[in-house]
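Single-structure report; data block below.
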Amino acid sequence: MYTDLTSVLDEIKRADLPGFDGVPLHPNAQSTPFGETPLHVVAIWGHADAIRILLDAGADIDARGEFDFTPLHEAIGQGHWDAVRLLISRGASLTIKNEWGDDAAALASRGENEEIVKLIQLKLAESGKV
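Under this note's numbering, residues 2 to 131 are what the sequence shown spells out, in order.
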């Protein structure tokens, strides 16, 4: 679906998302007033190819948006397995907490995707953070 950075940013522009009106889009552009970046948007959508393109273009993998959610938090919340797996493989922090003190494991435990829970538990165990 996405072939390059321009195609990703153009899709976000076409979506006419609140907060991005008049904001020049680039990999680390932040919407107003929420602070989401293009990476947050495509993580919510679950578009792994767009995530890859934005990360390759220098997007901040751990950028904090509304309620201090990271792109990983957003992907977990939507149950997007491919997006979660990609973000973790590219180094997304599993320990950053949102405004309510929830990290990736806490958010995953509330979801219905057991594979995401297992992946996060495995990665935390590998890193010695369990």
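Don't be surprised by glycine CBs; every beta carbon is placed ideally from N, CA and C.
Cβ-based neighbour list, glycine 112, same chain, cut-off 6 Å, excluding 5 preceding and 5 following
Gly80
Out of curiosity, what's the CA-to-CA distance linking alanine 49 and aspartate 83?
6 Å
For serine 110, count neighbouring C-beta atoms within 10 Å of its own C-beta (all shown protein chains included) and say buried if the count is 16 or more, exposed if not.
exposed
Output the boundary residues of the alpha helix (DSSP H) element that contains serine 94.
Neither: serine 94 is in no alpha helix (DSSP H) and is coded neither H nor E.
Could you check whether the stretch 62-72 touches the stretch 11-18, counting it as contact only if at least three pairs of C-beta atoms, one from each stretch, sit closer than 8 Å?
no
Going along the chain, which residues of its own chain have a beta-carbon closer than 8 Å to the beta-carbon of serine 128, five neighbours each way excluded?
Leu95
Distance check for valine 42 and glutamate 67, CA to CA, integer angstroms please.
12 Å
One question on the structure: do valine 9 and proline 39 come within less than 9 Å of each other, judged by their Cβ atoms?
yes
On a CA-only basis, which of Gly92, Phe70, His27 is nearest glutamate 100? Give me that one, please.
Phe70
Candidates Gly92, Lys130, Val85: closest to leucine 108 by CA position:
Val85
Mapping DSSP to helix, strand and coil, what is isoleucine 121?
helix
Roughly how many angstroms lie between the CA atoms of leucine 123 and glycine 47, to the nearest whole one?
22 Å
Quick test of your reading: leucine 120 and alanine 93, contact by CB under 8 Å. State the CB separation rounded to the nearest angstrom.
Actually they are not in contact, since the Cβ atoms of leucine 120 and alanine 93 sit about 12 Å apart, beyond 8 Å.
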